[in-house]
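Asks: Handing you a structure now.
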Amino acid sequence: MGANGIELHVLASGSDGNCAVLQADGVSVMIDAGLSGRAISRLASAAGLDLKEVTAILITHEHVDHVKGAGVLSRRFDIPLYANLRTFNASNIGKVSSWVEFQTFSMFRIGDLQINPLPTSHHAVKPTAFSFSFDGKKCLVATDLGKVTPEIQVELEESGLAMLESNHDIDMLMNGSYPQFLKTLIKGERGHLSNDDCAEALSKGHTDGRKVFLAHISKNNNRPEIARRTVAASLGCSTNRLHCLEEDAEVKCVTYP
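Numbering that gives the first Met the number 0 numbers the first residue of the sequence shown as 0 and each following residue consecutively.
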């Protein structure tokens, strides 16, 4: 990516594992590492990424589909792991090359990339979203959240690129085979955003030109085409403007601008 742009490479997004790599002006940071180290290495190679160039692994929360390969990759490639204290202590990842603690709402920098950790509403000890700023451009990565908080909404409206959860179709969830307690958790304020929730958040503010990646689409309670169609209808745009992973082992890159 050139000196003035951002690339977001999504290697995996869903309950089977989550991992993305954001690049800007020579800086590469990984957001979550929720697959095995071997699987992430294979997907990174398919995306044309060199994991030796990753300068940080940022952890959103401690669930295994976000941290499974974090310790392995940190040790293998000598990559610092960034996480808040409660998340780090709750993550079962073994030894890491080094740990850098961050606080929510306390911005920090990696090279010329500015990172703002934001609290989210999810059933984890201290879950986090990340807002990235570089050369006057913003990218928000917010997955695994039961509601869009005011702070997340502000960052979303200011971002030209957003990776936002669109987990489930509410009818598919409620009519599906999950037990009632799990349905209640998923659609609750500490669960996951529905397609309608995602669409509502994206429809606010200035939407022209914003690039969107729909994240964490459920295999059991959603379909990529349903998520894209629902959000596109709300935004009044073509589904071609909305990106997501549509097949297993698929990788995608979204660039901004």
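We treat Cβ as the ideally placed atom computed from N, Cα and C, and that holds for glycine.
This one's a predicted model, so the numbers in the text were calculated from it and none came from an experiment.
Quick check: Pro-223 and Glu-199, are their CB atoms within less than 8 angstroms of each other?
Replies: The count along the sequence shown starts at 1 and reaches residue 223 at position 224. The count along the sequence shown starts at 1 and reaches residue 199 at position 200. Cβ atoms of Pro-223 and Glu-199: not closer than 8 angstroms.
Asks: Between Phe-180, Ser-132, Glu-156, Gly-208, which has its C-alpha nearest Gly-4's C-alpha?
Replies: Counted from its first residue, the sequence shown places residue 4 at position 5. It is Ser-132.
Asks: For the segment 124-139 against the segment 172-182, do three or more pairs of beta-carbon atoms, one drawn from each stretch, fall closer than 8 angstroms, so that the two count as touching?
Replies: no
Asks: Write down the C-beta distance between Ala-214 and Glu-164 rounded to the nearest angstrom, noting that I regard them as a contact closer than 8 angstroms.
Replies: In the sequence shown, residue 214 corresponds to position 215, counting from 1. In the sequence shown, residue 164 corresponds to position 165, counting from 1. In this structure Ala-214 is in contact with Glu-164, their Cβ atoms being roughly 5 angstroms apart against a cut-off of 8 angstroms.
Asks: Exposed or buried, Gly-190, counting other C-beta atoms within 10 Å across all chains shown (16 or more means buried)?
Replies: Against the sequence shown, residue 190 aligns to sequence position 191. Buried: at least 16 other Cβ atoms inside 10 Å.
Asks: Under a three-way DSSP split, which group does Cys-243 fall into?
Replies: By one-based count along the sequence shown, residue 243 stands at place 244. Cys-243 falls in the coil class under three-state DSSP.
Asks: Do Ala-45 and Met-162 have their CB atoms nearer than 8 angstroms?
Replies: In the sequence shown, the residue the question calls residue 45 occupies position 46. In the sequence shown, the residue the question calls residue 162 occupies position 163. Not a contact, by the Cβ cut-off of 8 angstroms.
Asks: For Leu-80, which of helix, strand or coil comes out of DSSP?
Replies: If you number the sequence shown from 1, residue 80 lands on position 81. Note: Leu-80 maps to strand in three-state DSSP.
Asks: Measure the Cβ-Cβ separation of Leu-112 and Val-28 and say whether it is below 8 angstroms.
Replies: Locating residue 112 in the sequence shown gives position 113, counting from the first residue. Locating residue 28 in the sequence shown gives position 29, counting from the first residue. For Leu-112 and Val-28, yes; Cβs fall inside 8 angstroms.
Asks: Whole angstroms are fine: how far does the CA of Leu-50 sit from the CA of Glu-150?
Replies: As a first step, residue 150 is located in the sequence shown; it is residue number 151 there, counting from the start. As a first step, residue 50 is located in the sequence shown; it is residue number 51 there, counting from the start. Cα to Cα, Glu-150 sits roughly 32 angstroms from Leu-50.
Asks: Tell me, to the nearest whole angstrom, how far the beta carbon of Lys-210 is from that of Gln-152; I am working on the premise that it is less than 8 angstroms.
Replies: If you number the sequence shown from 1, residue 210 lands on position 211. If you number the sequence shown from 1, residue 152 lands on position 153. Between Gln-152 and Lys-210 the Cβ distance is about 18 angstroms, and since that is not below 8 angstroms, they are no contact.
Asks: If you follow the alpha helix (DSSP H) that Ile-39 is in, where does it begin and where does it stop?
Replies: Within the sequence shown, residue 39 is the residue found at index 40, counting from 1. From DSSP, the alpha helix (DSSP H) with Ile-39 extends over 36-45.
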